[in-house]
Amino acid sequence: MEATVSDQRPGPDRPATFREVFGRVEFRAVFAASVLSWIGDYVAKAAVTVLVYQESQSVALSAAAFAVSYLPWLVGGPLLAALAERYRHRQVMVTCDVIRMVLTVLIVLPDLPVWAILALLFAATLANPPGQAARSALLPAILTGDRLVLGLSLNASASQAAQVVGYLAGAAVAAFSPTAALLLNAATFGLSALLVRIGVRDREPTLSEAHRTHLLRETAEGFRIVFGNPVLRAISLLVFSAMLFSIVPEGLAAAWAAERSGNGLDSGAAQAVIMAANPVGFIVGGLLVGRLVSPAGRLTLMRPLAVLAPLALVPALLNPPPVVVALLAAACGFAVAGLIPTANGLFVRALPNGYRARAFGVMATGIQVIQGGAVLVTGLLADRFSVPTVVGVWSAAGVLLMLCTALRWPSRATVDAAVAAADLTNVAPGPQPDGPAGAATRPGERSGHRHAVT
């Protein structure tokens, strides 16, 4: 059954179907494992903040417990992600899940001081970059062509849904027992590891031992390929720019709701509506655009959607009620979801195989830094100006930024040349002049289109 589905390749003008994507046993295993891990992550964030607050009665320490989960990406995301290039992807994913499971269980040991809880949480989250990088590098080996673009849309939409479910479940269970919530989190990691171990075929590392140099040098090569290649650089700037403003309504939701509650909504309900709107729009946009629009149509829509995303938030200048704010945020999320999987697909078509995990580390770290910086800057501005003014002006600047990015987009000839160069690198029989990034595909393997998860 799996081989039959794999051979039914969608034509260049027909979008892939959900049946074609979920027809791959390995994708089903990776998808289910990813959803479990994401839910576990968000359950843990909600539960640990409650646990630390109960132990310390300190809001600052509780907030620090939430922030700790982002630190690994900031202090060493690309370096840790580069490890996924050196080892078998299945081995990396299983090992990282087991590490997180064991350390999460240790967090619930009785009478642990707060500093020990924070240290264990930080150690557990160190497994996120290599685990997620390995999954990102593995997906192109499981799905090819437009099936992979749809698979990326499904993953992105599922991660947004997992965020909502994880936070709600974590907060609900932690209200009764933070320990139970953390044990639930540990169970999700254990089940995720089991699904990957059973459902995913073992493959050789993309960076063989003969092609390795030094981990720091390999990490630097990841930055060089992303920002040194004009096509990859253009795509990364497009993705980073989209993240720069799409996160702002969610990050300022509490202050916005406090300023503009009413119309039947108290401040808490208004905050929830605003925060949930962008993920909901993202889920709908990713599924509809990924499934209903042809591959050529998605490429055509990518730059208009990039401009539409910040443009949807400009009406915030009119200080609309929370429900309208939520609709604007949902429209922004829809547009971002419509362009990101297509941008990912183009990104990896121009990316040598041996750079998959490292490129993911660069992109994921950049997104974390940019989103955090955007919320921080707009939050500081909102202390001096009204939230609607800050969001509206910030988004108007985003429109100008996206217009500049779209106008400076590489020509079709440049894109085709970058893809052709990557294809030549990927089928070469030995080391390439640029070093280990030119690691060849193994004998007997097809070199298909590859798509990154950024």
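Numbered per our numbering, the sequence shown spans residues 584 to 1037. C-beta atoms are modelled at their ideal positions from N, C-alpha and C, and glycine is treated no differently. For clarity, every value in this text was computed on a predicted model and none was experimentally measured.
Beta-carbon proximity of residue i to residue j, cut-off 8 angstroms
{"i": "alanine 889", "j": "alanine 989", "result": "yes"}
{"i": "serine 819", "j": "tryptophan 621", "result": "no"}
{"i": "valine 783", "j": "alanine 717", "result": "no"}
{"i": "isoleucine 682", "j": "alanine 720", "result": "no"}
{"i": "alanine 872", "j": "arginine 881", "result": "Note that residue 872 is valine in the sequence shown here, rather than alanine. Cβ distance < 8 angstroms, so valine 872 and arginine 881 count as in contact."}
{"i": "glutamine 954", "j": "isoleucine 866", "result": "no"}
{"i": "threonine 632", "j": "alanine 648", "result": "yes"}
{"i": "proline 832", "j": "alanine 912", "result": "yes"}
{"i": "proline 904", "j": "glycine 805", "result": "no"}
{"i": "glycine 944", "j": "proline 712", "result": "yes"}
{"i": "aspartate 729", "j": "proline 924", "result": "no"}
{"i": "threonine 569", "j": "alanine 707", "result": "Residue coverage of the chain in this structure runs from 584 to 1037, which leaves residue 569 outside it and unanswerable."}
{"i": "leucine 765", "j": "alanine 630", "result": "yes"}
{"i": "valine 651", "j": "phenylalanine 705", "result": "yes"}
{"i": "glutamine 746", "j": "tyrosine 625", "result": "yes"}
{"i": "leucine 722", "j": "valine 613", "result": "yes"}
{"i": "serine 978", "j": "alanine 899", "result": "yes"}
{"i": "threonine 802", "j": "arginine 939", "result": "no"}
{"i": "leucine 689", "j": "leucine 703", "result": "yes"}
{"i": "alanine 926", "j": "leucine 777", "result": "no"}
Per-residue burial, residue i [other beta carbons within 10 Å of its own, 16 or more giving buried]
{"i": "glycine 1013", "result": "Unreliable positioning characterises glycine 1013 in this predicted model, as indicated by a pLDDT of 40, which lies under 50. The coordinate reading is nonetheless provided below. By the 10 Å Cβ count, glycine 1013 comes out exposed."}
{"i": "proline 696", "result": "exposed"}
{"i": "proline 1016", "result": "Unreliable placement is indicated for proline 1016, whose pLDDT of 37 sits below 50; the coordinate value is still reported in the next sentence. By the 10 Å Cβ count, proline 1016 comes out exposed."}
{"i": "cysteine 915", "result": "buried"}
{"i": "isoleucine 808", "result": "buried"}
{"i": "isoleucine 781", "result": "exposed"}
{"i": "arginine 669", "result": "buried"}
{"i": "serine 994", "result": "exposed"}
{"i": "threonine 883", "result": "exposed"}
{"i": "cysteine 679", "result": "buried"}
{"i": "proline 893", "result": "buried"}
{"i": "alanine 763", "result": "exposed"}
{"i": "leucine 1007", "result": "exposed"}
{"i": "proline 693", "result": "exposed"}
{"i": "phenylalanine 772", "result": "buried"}
{"i": "alanine 755", "result": "exposed"}
{"i": "leucine 959", "result": "exposed"}
{"i": "glycine 949", "result": "buried"}
{"i": "alanine 957", "result": "buried"}
{"i": "leucine 983", "result": "exposed"}
{"i": "alanine 699", "result": "exposed"}
Closest Cα partner of residue i within the set the options
{"i": "valine 677", "options": "Gln746, Thr600 and Val779", "result": "Val779"}
{"i": "alanine 724", "options": "Leu798, Asp624, Phe917 and Val931", "result": "Val931"}
{"i": "alanine 665", "options": "Val960, Trp977 and Gly937", "result": "Gly937"}
{"i": "phenylalanine 917", "options": "Ala965, Asn861, Pro935 and Pro713", "result": "Asn861"}
{"i": "alanine 1001", "options": "Ile690, Asn812 and Ile700", "result": "Asn812"}
{"i": "leucine 964", "options": "Arg602, Trp839, Ile700 and Ala757", "result": "Trp839"}
{"i": "valine 863", "options": "Leu910, Thr600 and Ala627", "result": "Leu910"}
{"i": "leucine 922", "options": "Val906, Phe823 and Ala942", "result": "Phe823"}
{"i": "proline 935", "options": "Ala744, Ala1003, Leu689 and Trp656", "result": "Ala1003"}
{"i": "leucine 798", "options": "Ser639, Gly659 and Val952", "result": "Gly659"}
{"i": "isoleucine 857", "options": "Leu896, Val876 and Leu821", "result": "Leu896"}
{"i": "leucine 929", "options": "Thr600, Leu663, Leu735 and Asp694", "result": "Leu735"}
{"i": "alanine 744", "options": "Gly623, Leu654, Leu767 and Glu638", "result": "Gly623"}
{"i": "asparagine 902", "options": "Ala933, Arg800 and Gly975", "result": "Gly975"}
{"i": "methionine 985", "options": "Ala996, Leu891 and Glu638", "result": "Leu891"}
{"i": "alanine 752", "options": "Ala957, Ala996, Val907 and Ala627", "result": "Ala627"}
{"i": "alanine 996", "options": "Asp966, Cys987, Ala933 and Ala699", "result": "Ala933"}
{"i": "glutamine 637", "options": "Val608, Tyr653, Phe759 and Thr600", "result": "Phe759"}
{"i": "leucine 634", "options": "Leu737, Pro761 and Val608", "result": "Pro761"}
Contact belief for residue i with residue j at Cβ below 8 angstroms, rounded distance in angstroms
{"i": "valine 814", "j": "valine 998", "result": "5 angstroms"}
{"i": "alanine 739", "j": "glycine 869", "result": "5 angstroms"}
{"i": "alanine 825", "j": "valine 919", "result": "5 angstroms"}
{"i": "arginine 602", "j": "histidine 672", "result": "With a Cβ gap of about 25 angstroms, arginine 602 and histidine 672 do not count as contacting."}
{"i": "glycine 962", "j": "leucine 827", "result": "Not quite, the Cβ-Cβ distance comes to about 14 angstroms (not below 8 angstroms), so this is no contact."}
{"i": "proline 598", "j": "arginine 874", "result": "6 angstroms"}
{"i": "phenylalanine 610", "j": "leucine 726", "result": "6 angstroms"}
{"i": "serine 641", "j": "glutamate 842", "result": "About 27 angstroms separates the two Cβ atoms, so there is no contact after all."}
{"i": "leucine 657", "j": "glutamine 951", "result": "6 angstroms"}
{"i": "proline 655", "j": "leucine 663", "result": "7 angstroms"}
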